[in-house]
Amino acid sequence: MQGSKETIIENHLNHTLKSVLYPAPARKGKVRDIFEKNDELFLVASDRVSAFDVVLGTIPLKGAMLTEQTTFWLNKVTEIVPTHLIDRPDAQVMRCKKAKPLAVEMVVRGYLAGSLAREDANTRGSKYGLKLNPHMREYEAFETPIITPTTKAEVGEHDMPCSMDELIASGAVTKSQAEEISEISLALFKTGQAFAERQNLILVDTKYEFGIHNGKVILIDEIHTADSSRYWKKDSYDAKLAAGVAPEMLDKERLRRWLISEHNYRGEGEAPQLSDDIRTDLSVHYWELTELLTGQRFEAPTAMASNRVPALLQKHAL
73 MQGSKETIIE
83 NHLNHTLKSV
93 LYPAPARKGK
103 VRDIFEKNDE
113 LFLVASDRVS
123 AFDVVLGTIP
133 LKGAMLTEQT
143 TFWLNKVTEI
153 VPTHLIDRPD
163 AQVMRCKKAK
173 PLAVEMVVRG
183 YLAGSLARED
193 ANTRGSKYGL
203 KLNPHMREYE
213 AFETPIITPT
223 TKAEVGEHDM
233 PCSMDELIAS
243 GAVTKSQAEE
253 ISEISLALFK
263 TGQAFAERQN
273 LILVDTKYEF
283 GIHNGKVILI
293 DEIHTADSSR
303 YWKKDSYDAK
313 LAAGVAPEML
323 DKERLRRWLI
333 SEHNYRGEGE
343 APQLSDDIRT
353 DLSVHYWELT
363 ELLTGQRFEA
373 PTAMASNRVP
383 ALLQKHAL
(Lines of atoms letter the chains of each structure in order from A and count residues from 1; the text may use other names and numbers.)
(Lines give C-alpha, C1' and ligand atoms only; values in the text may rest on other atoms or scores of the structure.)
Protein backbone atom coordinates (compact mmCIF):
# COMPACT_ATOMS: atom_id res chain seq x y z
CA MET A 1 0.00 0.00 0.00
CA GLN A 2 1.58 3.24 -1.17
CA GLY A 3 -0.65 5.66 0.74
CA SER A 4 -3.10 8.24 -0.59
CA LYS A 5 -2.51 9.92 -3.93
CA GLU A 6 -2.15 13.31 -2.26
CA THR A 7 0.44 12.05 0.24
CA ILE A 8 2.52 10.39 -2.48
CA ILE A 9 2.32 13.49 -4.67
CA GLU A 10 3.34 15.77 -1.80
CA ASN A 11 6.39 13.56 -1.18
CA HIS A 12 7.41 14.06 -4.82
CA LEU A 13 6.81 17.84 -4.98
CA ASN A 14 10.49 18.63 -4.40
CA HIS A 15 11.87 15.63 -6.32
CA THR A 16 10.51 16.14 -9.82
CA LEU A 17 12.61 15.56 -12.93
CA LYS A 18 12.99 18.93 -14.60
CA SER A 19 15.66 17.74 -17.02
CA VAL A 20 18.48 15.22 -17.36
CA LEU A 21 21.78 17.05 -16.87
CA TYR A 22 24.13 14.10 -17.40
CA PRO A 23 24.36 12.47 -19.81
CA ALA A 24 23.35 15.51 -21.87
CA PRO A 25 20.41 14.94 -24.23
CA ALA A 26 20.83 15.26 -27.99
CA ARG A 27 17.90 17.65 -27.94
CA LYS A 28 15.11 18.81 -25.67
CA GLY A 29 11.42 19.16 -26.41
CA LYS A 30 8.88 21.04 -24.32
CA VAL A 31 8.43 17.96 -22.15
CA ARG A 32 10.82 15.24 -23.34
CA ASP A 33 14.61 14.95 -23.29
CA ILE A 34 15.74 12.97 -26.32
CA PHE A 35 18.82 10.74 -26.46
CA GLU A 36 20.16 9.05 -29.59
CA LYS A 37 21.96 5.75 -30.00
CA ASN A 38 22.55 4.49 -33.53
CA ASP A 39 19.10 4.09 -35.10
CA GLU A 40 17.24 4.33 -31.78
CA LEU A 41 15.94 7.12 -29.58
CA PHE A 42 15.49 7.12 -25.82
CA LEU A 43 12.64 9.49 -24.98
CA VAL A 44 12.69 10.64 -21.36
CA ALA A 45 9.38 12.11 -20.22
CA SER A 46 10.38 14.79 -17.74
CA ASP A 47 7.95 16.23 -15.22
CA ARG A 48 7.94 19.56 -17.07
CA VAL A 49 4.55 21.04 -17.92
CA SER A 50 3.81 23.50 -20.69
CA ALA A 51 0.80 25.58 -21.68
CA PHE A 52 0.44 28.10 -24.50
CA ASP A 53 3.69 26.56 -25.84
CA VAL A 54 5.62 27.80 -22.78
CA VAL A 55 7.33 25.53 -20.23
CA LEU A 56 5.99 26.64 -16.83
CA GLY A 57 7.43 24.27 -14.21
CA THR A 58 7.00 20.67 -13.09
CA ILE A 59 4.15 18.41 -11.98
CA PRO A 60 4.97 15.53 -9.59
CA LEU A 61 5.06 12.09 -11.26
CA LYS A 62 3.84 13.54 -14.54
CA GLY A 63 6.55 11.92 -16.66
CA ALA A 64 5.80 8.43 -15.35
CA MET A 65 2.05 8.89 -15.75
CA LEU A 66 2.32 10.23 -19.30
CA THR A 67 4.61 7.35 -20.25
CA GLU A 68 2.09 4.92 -18.76
CA GLN A 69 -0.66 6.48 -20.86
CA THR A 70 1.23 6.67 -24.14
CA THR A 71 2.76 3.18 -24.02
CA PHE A 72 -0.71 1.78 -23.33
CA TRP A 73 -2.02 3.49 -26.46
CA LEU A 74 1.03 2.87 -28.66
CA ASN A 75 0.58 -0.85 -28.00
CA LYS A 76 -3.17 -0.60 -28.65
CA VAL A 77 -3.19 1.06 -32.10
CA THR A 78 -0.68 -1.05 -34.03
CA GLU A 79 -3.45 -2.45 -36.26
CA ILE A 80 -4.17 1.11 -37.45
CA VAL A 81 -0.60 2.37 -37.87
CA PRO A 82 2.92 1.14 -37.01
CA THR A 83 4.46 3.04 -34.10
CA HIS A 84 7.96 3.98 -33.02
CA LEU A 85 7.82 2.15 -29.64
CA ILE A 86 10.34 -0.65 -29.05
CA ASP A 87 10.05 -1.02 -25.26
CA ARG A 88 9.85 0.85 -21.96
CA PRO A 89 13.05 0.35 -19.90
CA ASP A 90 11.94 2.73 -17.12
CA ALA A 91 8.72 4.23 -15.79
CA GLN A 92 9.33 7.42 -17.75
CA VAL A 93 11.61 6.28 -20.58
CA MET A 94 10.63 4.87 -23.98
CA ARG A 95 13.11 3.22 -26.36
CA CYS A 96 11.97 3.99 -29.90
CA LYS A 97 12.84 3.64 -33.57
CA LYS A 98 14.42 6.74 -35.05
CA ALA A 99 12.19 8.22 -37.76
CA LYS A 100 12.31 11.39 -39.85
CA PRO A 101 9.53 13.56 -38.35
CA LEU A 102 6.95 15.19 -40.59
CA ALA A 103 6.84 18.90 -39.74
CA VAL A 104 3.18 18.98 -38.74
CA GLU A 105 1.01 18.29 -35.71
CA MET A 106 -2.30 16.72 -36.72
CA VAL A 107 -4.85 18.15 -34.29
CA VAL A 108 -8.22 16.36 -34.41
CA ARG A 109 -11.18 18.01 -32.69
CA GLY A 110 -14.55 16.50 -31.83
CA TYR A 111 -15.84 19.51 -29.89
CA LEU A 112 -15.57 23.30 -29.93
CA ALA A 113 -13.09 23.92 -27.13
CA GLY A 114 -9.71 25.39 -26.27
CA SER A 115 -7.98 27.80 -28.62
CA LEU A 116 -10.56 27.27 -31.37
CA ALA A 117 -13.38 28.35 -29.05
CA ARG A 118 -11.43 31.48 -28.17
CA GLU A 119 -11.29 32.59 -31.82
CA ASP A 120 -13.76 35.09 -33.31
CA ALA A 121 -16.93 33.15 -34.16
CA ASN A 122 -17.29 34.67 -37.64
CA THR A 123 -13.80 33.67 -38.81
CA ARG A 124 -13.32 30.59 -36.66
CA GLY A 125 -11.54 27.80 -38.54
CA SER A 126 -10.45 29.96 -41.48
CA LYS A 127 -6.77 29.55 -40.50
CA TYR A 128 -7.18 25.85 -41.23
CA GLY A 129 -9.08 26.32 -44.48
CA LEU A 130 -12.35 25.43 -42.72
CA LYS A 131 -15.72 27.18 -42.57
CA LEU A 132 -17.39 26.46 -39.23
CA ASN A 133 -20.85 27.27 -37.93
CA PRO A 134 -20.50 30.66 -36.16
CA HIS A 135 -23.52 29.88 -33.96
CA MET A 136 -21.94 26.88 -32.24
CA ARG A 137 -21.67 27.19 -28.48
CA GLU A 138 -18.44 26.47 -26.66
CA TYR A 139 -18.21 22.78 -25.65
CA GLU A 140 -20.67 21.62 -28.35
CA ALA A 141 -19.79 18.63 -30.53
CA PHE A 142 -19.02 18.97 -34.23
CA GLU A 143 -21.17 16.83 -36.53
CA THR A 144 -18.01 14.98 -37.51
CA PRO A 145 -14.47 15.46 -36.15
CA ILE A 146 -12.36 18.10 -37.89
CA ILE A 147 -8.61 18.34 -38.48
CA THR A 148 -6.87 21.62 -37.57
CA PRO A 149 -3.17 21.12 -38.35
CA THR A 150 -0.34 23.21 -36.96
CA THR A 151 3.29 23.56 -37.87
CA LYS A 152 5.72 21.86 -35.49
CA ALA A 153 7.49 24.66 -33.60
CA GLU A 154 10.86 24.65 -31.87
CA VAL A 155 10.96 24.98 -28.06
CA GLY A 156 10.09 28.56 -27.11
CA GLU A 157 8.25 29.16 -30.39
CA HIS A 158 4.52 28.88 -31.02
CA ASP A 159 2.94 26.19 -33.20
CA MET A 160 1.26 28.00 -36.10
CA PRO A 161 -2.17 27.04 -37.48
CA CYS A 162 -2.31 26.19 -41.17
CA SER A 163 -4.37 24.33 -43.74
CA MET A 164 -3.41 21.00 -45.28
CA ASP A 165 -3.08 22.75 -48.66
CA GLU A 166 -0.57 25.18 -47.14
CA LEU A 167 1.42 22.30 -45.66
CA ILE A 168 1.58 20.59 -49.04
CA ALA A 169 2.54 23.85 -50.79
CA SER A 170 5.32 24.46 -48.24
CA GLY A 171 6.81 21.03 -48.85
CA ALA A 172 6.28 19.92 -45.24
CA VAL A 173 4.34 16.90 -46.53
CA THR A 174 3.49 15.47 -49.92
CA LYS A 175 -0.11 15.24 -51.10
CA SER A 176 -0.14 11.47 -50.57
CA GLN A 177 1.38 11.84 -47.09
CA ALA A 178 -1.23 14.47 -46.21
CA GLU A 179 -4.03 12.14 -47.28
CA GLU A 180 -2.51 9.18 -45.42
CA ILE A 181 -1.91 10.97 -42.12
CA SER A 182 -5.37 12.58 -42.28
CA GLU A 183 -7.01 9.17 -42.70
CA ILE A 184 -4.88 7.63 -39.94
CA SER A 185 -5.53 10.55 -37.58
CA LEU A 186 -9.31 10.25 -37.93
CA ALA A 187 -9.13 6.46 -37.43
CA LEU A 188 -7.01 6.89 -34.28
CA PHE A 189 -9.40 9.53 -32.96
CA LYS A 190 -12.43 7.30 -33.56
CA THR A 191 -10.73 4.48 -31.65
CA GLY A 192 -9.74 6.85 -28.85
CA GLN A 193 -13.25 8.26 -28.52
CA ALA A 194 -14.85 4.80 -28.41
CA PHE A 195 -12.49 3.61 -25.68
CA ALA A 196 -12.88 6.85 -23.71
CA GLU A 197 -16.66 6.53 -23.78
CA ARG A 198 -16.44 3.09 -22.16
CA GLN A 199 -14.38 4.70 -19.40
CA ASN A 200 -16.95 7.48 -18.79
CA LEU A 201 -14.74 9.97 -20.62
CA ILE A 202 -15.04 12.16 -23.69
CA LEU A 203 -11.94 12.49 -25.86
CA VAL A 204 -12.52 16.09 -26.91
CA ASP A 205 -9.48 16.72 -29.08
CA THR A 206 -5.92 15.50 -29.44
CA LYS A 207 -2.81 15.75 -31.58
CA TYR A 208 -0.84 13.14 -33.49
CA GLU A 209 2.69 13.29 -34.88
CA PHE A 210 4.11 11.13 -37.62
CA GLY A 211 7.49 10.26 -39.06
CA ILE A 212 8.97 8.30 -41.94
CA HIS A 213 10.76 5.05 -41.04
CA ASN A 214 12.11 2.77 -43.78
CA GLY A 215 10.01 4.71 -46.29
CA LYS A 216 6.72 4.24 -44.41
CA VAL A 217 4.59 6.52 -42.22
CA ILE A 218 4.70 5.60 -38.52
CA LEU A 219 3.19 7.19 -35.41
CA ILE A 220 5.76 8.95 -33.22
CA ASP A 221 5.83 10.94 -29.98
CA GLU A 222 2.79 10.42 -27.72
CA ILE A 223 -0.85 9.50 -28.21
CA HIS A 224 -4.06 10.20 -26.27
CA THR A 225 -2.22 11.50 -23.20
CA ALA A 226 -3.30 14.25 -20.83
CA ASP A 227 -0.62 16.45 -22.44
CA SER A 228 -1.65 15.90 -26.04
CA SER A 229 -5.41 15.61 -25.49
CA ARG A 230 -8.41 17.20 -23.85
CA TYR A 231 -10.67 14.90 -21.80
CA TRP A 232 -14.00 15.59 -20.09
CA LYS A 233 -16.15 13.49 -17.74
CA LYS A 234 -18.94 11.98 -19.84
CA ASP A 235 -21.69 11.45 -17.27
CA SER A 236 -21.92 15.14 -16.32
CA TYR A 237 -21.36 16.60 -19.81
CA ASP A 238 -25.01 17.09 -20.86
CA ALA A 239 -25.98 18.82 -17.61
CA LYS A 240 -22.92 21.08 -17.72
CA LEU A 241 -23.60 22.01 -21.36
CA ALA A 242 -27.25 22.80 -20.61
CA ALA A 243 -26.18 25.00 -17.69
CA GLY A 244 -23.68 26.84 -19.86
CA VAL A 245 -20.72 25.95 -17.67
CA ALA A 246 -17.44 24.18 -18.40
CA PRO A 247 -17.44 20.36 -18.41
CA GLU A 248 -15.45 18.48 -15.79
CA MET A 249 -11.94 18.49 -17.22
CA LEU A 250 -9.13 15.95 -16.88
CA ASP A 251 -6.33 17.60 -18.81
CA LYS A 252 -4.11 20.67 -19.18
CA GLU A 253 -7.08 22.93 -19.92
CA ARG A 254 -7.41 23.16 -16.13
CA LEU A 255 -3.93 24.73 -16.09
CA ARG A 256 -4.70 27.07 -18.99
CA ARG A 257 -7.87 28.30 -17.29
CA TRP A 258 -6.00 28.79 -13.99
CA LEU A 259 -3.34 30.84 -15.79
CA ILE A 260 -5.98 33.00 -17.48
CA SER A 261 -8.29 33.48 -14.48
CA GLU A 262 -5.63 33.91 -11.79
CA HIS A 263 -2.86 35.66 -13.75
CA ASN A 264 -4.39 36.79 -17.07
CA TYR A 265 -1.55 34.87 -18.71
CA ARG A 266 -1.91 33.54 -22.26
CA GLY A 267 1.68 32.77 -23.18
CA GLU A 268 3.05 36.29 -23.60
CA GLY A 269 5.40 38.02 -21.18
CA GLU A 270 6.84 36.56 -17.99
CA ALA A 271 5.19 33.30 -16.95
CA PRO A 272 3.76 33.07 -13.41
CA GLN A 273 5.17 30.56 -10.94
CA LEU A 274 2.98 27.52 -10.40
CA SER A 275 1.80 27.15 -6.82
CA ASP A 276 2.15 23.81 -5.03
CA ASP A 277 -1.65 23.70 -4.86
CA ILE A 278 -2.10 23.80 -8.64
CA ARG A 279 0.82 21.38 -9.11
CA THR A 280 -0.79 18.90 -6.70
CA ASP A 281 -4.24 19.42 -8.23
CA LEU A 282 -2.94 18.72 -11.73
CA SER A 283 -1.03 15.64 -10.56
CA VAL A 284 -4.16 14.17 -8.94
CA HIS A 285 -6.07 14.66 -12.17
CA TYR A 286 -3.27 13.19 -14.30
CA TRP A 287 -3.30 10.18 -11.94
CA GLU A 288 -7.06 9.73 -12.23
CA LEU A 289 -6.92 9.96 -16.00
CA THR A 290 -4.01 7.50 -16.19
CA GLU A 291 -6.01 4.88 -14.30
CA LEU A 292 -9.11 5.54 -16.42
CA LEU A 293 -7.14 5.25 -19.66
CA THR A 294 -5.37 2.03 -18.77
CA GLY A 295 -7.91 0.35 -16.51
CA GLN A 296 -5.07 -0.39 -14.10
CA ARG A 297 -3.91 1.07 -10.82
CA PHE A 298 -0.98 3.44 -11.29
CA GLU A 299 1.99 2.49 -9.13
CA ALA A 300 4.19 5.50 -8.48
CA PRO A 301 7.94 4.78 -8.74
CA THR A 302 9.54 4.67 -5.30
CA ALA A 303 13.04 5.64 -6.46
CA MET A 304 13.44 9.29 -7.40
CA ALA A 305 13.68 9.94 -11.11
CA SER A 306 16.60 12.35 -10.74
CA ASN A 307 18.77 9.36 -9.71
CA ARG A 308 17.02 6.53 -11.53
CA VAL A 309 16.86 7.92 -15.07
CA PRO A 310 20.50 9.10 -15.48
CA ALA A 311 21.70 5.71 -14.19
CA LEU A 312 19.61 3.94 -16.84
CA LEU A 313 20.93 6.18 -19.61
CA GLN A 314 24.53 5.66 -18.53
CA LYS A 315 23.93 1.90 -18.49
CA HIS A 316 22.93 2.14 -22.16
CA ALA A 317 26.10 4.18 -22.87
CA LEU A 318 24.23 7.25 -24.03
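To convert a position in the sequence shown, counted from 1, into this note's numbering, add 72. Where a beta carbon is used, it is the ideal one built from N, C-alpha and C, also for glycine. Note that the structure is predicted; figures quoted are calculated from it, not measured.
C-alpha gap between TYR94 and GLU108, whole angstroms:
Looking up residue 94 in the sequence shown gives position 22. Looking up residue 108 in the sequence shown gives position 36. Those two C-alpha atoms are separated by around 14 Å.
Where LEU113 and LYS148 are concerned, what is the direct C-alpha to C-alpha distance, given to the nearest angstrom?
On the sequence shown, residue 113 is found 41 positions in, with the first residue counted as 1. On the sequence shown, residue 148 is found 76 positions in, with the first residue counted as 1. A direct Cα-to-Cα measurement between LEU113 and LYS148 gives close to 21 Å.
Output yes or no for whether 8 Å exceeds the beta carbon distance between LEU361 and PHE144.
The residue you call residue 361 lines up with position 289 of the sequence shown. The residue you call residue 144 lines up with position 72 of the sequence shown. Cβ atoms of LEU361 and PHE144: not closer than 8 Å.
With a Cβ-Cβ cutoff of 8 Å, do ASP299 and GLY186 count as a contact?
Start at 1 with the first residue of the sequence shown, and residue 299 comes out as number 227. Start at 1 with the first residue of the sequence shown, and residue 186 comes out as number 114. Going by C-beta atoms, ASP299 is not nearer than 8 Å to GLY186.
Any idea which residues DSSP pairs PRO63 with across the strands?
A question about residue 63 goes unanswered here, because the residues of the chain that appear run from 73 up to 390.
Pairwise C-alpha distance: PHE214 and ALA163
One-based indexing of the sequence shown puts residue 163 at position 91. One-based indexing of the sequence shown puts residue 214 at position 142. In a straight line, the C-alpha of ALA163 is about 36 Å away from that of PHE214.
Please report the distance separating the alpha-carbon of MET73 from that of THR150.
The sequence position of residue 73 within the sequence shown is 1, counting from 1. The sequence position of residue 150 within the sequence shown is 78, counting from 1. At MET73 the pLDDT is 44, less than 50, meaning the model places this residue with poor confidence and gives no usable figure here.
Member of ALA189, LYS77 and ARG380 whose CA lies at the smallest distance from the CA of ARG209
Locating residue 209 in the sequence shown gives position 137, where the first residue counts as 1. Put simply, of ALA189, LYS77 and ARG380 the residue whose alpha carbon is nearest the alpha carbon of ARG209 is ALA189.
Just how far apart, CA to CA, sit LEU260 and ALA311?
Within the sequence shown, residue 260 is the residue found at index 188, counting from 1. Within the sequence shown, residue 311 is the residue found at index 239, counting from 1. LEU260 and ALA311 have their C-alpha atoms spaced approximately 28 Å apart.
Starting from GLU215, trace the beta strand (DSSP E) both ways and give me its first and last residue.
Translated into positions along the sequence shown, residue 215 becomes position 143. First-last of the beta strand (DSSP E) with GLU215: 213 to 219.
Residues near LEU313 by beta carbon distance below 8 Å, same chain, minus five either side
Looking up residue 313 in the sequence shown gives position 241. Cβ neighbours of LEU313 within its own chain (closer than 8 Å, five residues either side excluded): ARG209, TYR211, GLU212 and PRO319.
Paired residues, beta bridge with LYS100 - DSSP
Here residue 100 is taken as the residue at index 28 of the sequence shown, counted from 1. As DSSP reads the structure, LYS100 sits in a beta bridge with ASP105.
Close beta carbons around LEU85, own chain, < 8 Å, minus the five adjacent residues each side
Taking the first residue of the sequence shown as position 1, residue 85 is located at position 13. When the five nearest sequence neighbours on each side are left out, the beta carbons in the same chain lying within less than 8 Å of the beta carbon of LEU85 are those of PRO132, ASP348, ARG351 and THR352, in order along the chain.
For SER355, three-class secondary structure by DSSP
What you label residue 355 is simply residue 283 of the sequence shown in a count that begins at 1. When secondary structure is reduced to three states using DSSP, SER355 falls in the helix class.
Taking the beta strand (DSSP E) that LEU157 belongs to, which residues open and close that run?
For the purposes of this step, residue 157 is identified with residue 85 of the sequence shown, where counting begins at 1. That run of the beta strand (DSSP E) goes 157 to 162.
Report the residue ranges of all alpha helix (DSSP H) runs contained in full by the stretch 272 to 327; include only those spanning at least 4 residues, in chain order.
As far as the stretch 272 to 327 is concerned, its whole alpha helix (DSSP H) runs of at least 4 residues are 309 to 315.
Quick one: what's got a C-beta closer than 6 Å to HIS393's C-beta in the same chain, skipping five residues either side?
Outside the modelled stretch of the chain, which goes from 73 to 390, sits residue 393, for which no answer is possible.
Give the straight-line distance between the Cα atoms of LYS387 and ARG160, rounded to the nearest whole angstrom.
Residue mapping note: residue 387 aligns to position 315 of the sequence shown, counting from 1. Residue mapping note: residue 160 aligns to position 88 of the sequence shown, counting from 1. Between the C-alpha atoms of LYS387 and ARG160 there is a straight-line separation of about 15 Å.
DSSP state of GLY129, grouped into three classes?
As a working note, residue 129 is residue 57 in the sequence shown. GLY129: strand per DSSP, three-state reduction.
Hey, LEU384 and VAL165 are a contact pair by Cβ (cut 8 Å); roughly how many whole angstroms apart?
Your numbering for residue 384 matches position 312 in the sequence shown. Your numbering for residue 165 matches position 93 in the sequence shown. Under the criterion of beta carbons closer than 8 Å, LEU384 and VAL165 qualify as touching, at roughly 6 Å.
Here's a check: name, in chain order, each residue in its chain whose Cβ is nearer than 7 Å to the Cβ of GLU332, leaving out the five neighbours to either side.
Here residue 332 corresponds to residue number 260 of the sequence shown, with the count starting at 1. A small correction: the amino acid at residue 332 is Ile; Glu does not occupy that position in the sequence shown. By the criterion of a C-beta distance shorter than 7 Å, ILE332 is surrounded in its chain by ARG338, once the five residues flanking it on both sides are discounted.
Reduced DSSP secondary structure (H/G/I, E/B, other) of ARG338:
What you label residue 338 is simply residue 266 of the sequence shown in a count that begins at 1. Of the three classes helix, strand and coil, the one that applies to ARG338 here is coil, per DSSP.
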